[in-house]
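Have a look at the structure below before the remarks.
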Amino acid sequence: MAAYVIGNGTGAGGVRGIAPDADVTFYGYGEDDGPSCNTADGAQITEFAAGVKQATDDGAKIIFTSIGGTARVDDAPAVAYAISHGAVVIAASINPGVLGARYDDLGSFNGVVSATGIDRDGNLQTEDGEPFVIPQTTVVAAGVDMPAVGSTGDWSTSVGATGSSFAPPIIAGMLALAAQRSPQATGNQLVQALVATTNGAQHTPTRTEDGYGYGAAWLPSLLTVDPTTLPDETPLMGKPAGFPTEEQIAQAKANGYSPDERSSSIDKYREQNGASQSDAAPIALWVAIGLSLLVVAAIVITVIIVVSQRRKAGKERAA
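Per the working numbering, the very first residue in the sequence shown carries number 8; after that it's consecutive.
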């Protein structure tokens, strides 16, 4: 997936990244990493939350994952921490036929950009002949019949693949270019610009629950907007998980990362906060890749951080 951000076209599939000069840091985990991480107060967080926290501490501007999971209350402080420190968090939505919670995936976290894949004609993936709708989708981007870098056990070959996993790096690359153009913009302002420039034009953001969210992420129109003129607040509150709350984000901004002291029971948390219930078991991480193959099965991409966008020449700024 990193190739869709910084690929130079020379590898398998000839993938050229959308932001080839971006600085990228990779954080990964696999099957042998052991149990979830414990915080000082005994709360458990997933590898996703640990990666988001570490990436934020490392200065990441844009964080994306192409592996999904269930939104867990213990992970909410890490998401709040990232948002409060000016980072954008992007997560792939669940794919058809993949075990997981359609309404409680990582994209259901408040403040997280939920990215869904579409084909060249703008169609969603299908299940049983019907569009596979993720109602909490934020934006859509390419994700069907995409060239994969490598195939099982072999980096030198490429086959076509499908899955929402392709959408996050494409969107991350777009935001990296927007951040290069407006380096003073906060993560919240970049997201505001993203949702206000979908489908090829600047407009008042309007979100639907038909699987398209605010629409298709659109680079040319995104780059016509000055994000610093937009509100410095996330437009992605009120999502199904119900957390992190505005209070958690404000607390993280004031005090830094603070593990949630409440029970890790998502049901109890939702009873207290009036959020919706899950329609699937909130257990282990599900893989949101949903490809028709495993791309070099021994290596699993989890979180890729676009730290910053380098400028090859300072002349661009002067111009």
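Ideal Cβ positions, reconstructed from N, Cα and C, are used throughout, including at glycine.
Measure from the alpha carbon of A83 to the alpha carbon of each residue in A248, A149, S73, T215, then state which is nearest.
-> A248
Taking just the CA atoms, how far does F116 sit from V86?
-> Whole-angstrom Cα-Cα distance: 8 angstroms.
Mind checking which residues open and close the beta strand (DSSP E) that includes T32?
-> 29 to 35
From the DSSP output, in three-state form, read off V202 for me.
-> helix
For K246, which residues from the same chain have a beta carbon less than 7 angstroms from its beta carbon, with the 5 sequence-adjacent residues on both sides left out?
-> S115, F116, N117, Q143
Distance, A179 Cα to L230 Cα | Cα atoms of L230 and A179: separation of roughly 14 angstroms, rounded to the nearest angstrom.
Taking the C-alpha atoms as reference points, what is the distance between G170 and A94?
-> If you take the alpha carbons of G170 and A94, they lie about 25 angstroms apart.
Please classify T236: is it buried, with 16 or more other beta-carbons within 10 angstroms of its beta-carbon, or exposed?
-> exposed
Exposure of G205, with buried meaning 16 or more beta-carbon neighbours within 10 Å = First, the residue type needs correcting, since residue 205 is Thr and not Gly in the sequence shown. Its Cβ being crowded by 16 or more others within 10 Å, T205 is buried.
For S121: DSSP bridge partner residues | DSSP lists A98 as the beta-bridge partner residues of S121.
Return helix, strand or coil for Q191, following the three-state DSSP convention.
-> coil
Which stretch, first to last residue, makes up the beta strand (DSSP E) that contains A56?
-> No beta strand (DSSP E) contains A56, which is instead part of the alpha helix (DSSP H) from 54 to 64.
Comparing alpha-carbon positions, which option in R214, G194, T193 lies nearest A203?
-> R214
Among all the DSSP beta bridges, which residues are the ones paired with N15?
-> R23
Residue nearest to P27 in terms of C-alpha spacing, selected from Q132, A10, G18 | Closest by C-alpha distance to P27, out of Q132, A10, G18, is A10.
For P176, name the three-state secondary structure that DSSP assigns.
-> The answer is helix: DSSP assigns P176 an H, G or I state.
Cβ pair count under 8 angstroms reaching 3, the stretch 255 to 266 against the stretch 208 to 223 | no
Is the beta carbon of T17 within less than 7 angstroms of some heavy atom of the ligand HEM?
-> Looking for the ligand HEM in the displayed structure turns up nothing, as the structure carries no ligands at all.
State the DSSP-derived secondary structure class of Q255, mapped to helix, strand or coil.
-> helix
Can you tell me whether F55 is buried or exposed, with buried defined as 16 or more other CB within 10 angstroms of its CB?
-> buried
Spatially closest choice to A78 from S121, A62, Q61, by CA coordinates | S121
Based on the DSSP output, what are the partners of G167 in its beta bridges?
-> Paired residues: P154.
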